[in-house]
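Letter by letter, the sequence shown follows residues 29 to 117 of my numbering.
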Amino acid sequence: MYAWLWRKLPFGKWGKLGGSVALILATAALLWYVVFPWAEPILPFDDVQVGDESGYSDVPGDYDIPYATDPTHPPSVKVSPSPSPSRKR
29 MYAWLWRKLP FGKWGKLGGS VALILATAAL LWYVVFPWAE PILPFDDVQV GDESGYSDVP
89 GDYDIPYATD PTHPPSVKVS PSPSPSRKR
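Pasting the structure below:
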């Protein structure tokens, strides 16, 4: 297909390169301004759902995380992981 396009484009090497770039830009513009806006409502990119249908989980404390998220208050107990058996000194 690309060889056919290359043969059908007019002019010499530079004209064919310019024509190829123009075809690529025209295809990208057609996709960007026509096809993608048309297809956006059909595609499920904004259909995000976490949990059950109501948006709430039945498990109590499901959203509790086991660490502090406030950067101004560091955790009171610093726990360092224990070294693996092969790394113990």
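For every residue, glycine included, the Cβ atom is placed at its ideal position computed from N, Cα and C. Keep in mind it's a predicted model, so treat the numbers as computed, not measured.
Which two residues bound the contiguous alpha helix (DSSP H) that contains residue i?
i                : result
leucine 51       : 41-58
tyrosine 30      : 30-36
phenylalanine 64 : 64-67
Can you name, in chain order, every residue of its own chain whose Cβ lies under 8 Å from the Cβ of residue i, other than the five neighbours on each side?
i             : result
glycine 47    : Leu37, Pro38, Phe39
tryptophan 60 : none
Below 8 Å between beta carbons: does that hold for residue i and residue j?
i          : j             : result
lysine 119 : tryptophan 32 : In the structure as shown, the chain starts at 29 and stops at 117, and residue 119 therefore has no counterpart that could be examined.
Leaving out the 5 sequence neighbours to the left and right, which residues in its chain are closer than 7 Å to residue i when beta-carbon positions are compared?
i          : result
alanine 54 : none
leucine 51 : none
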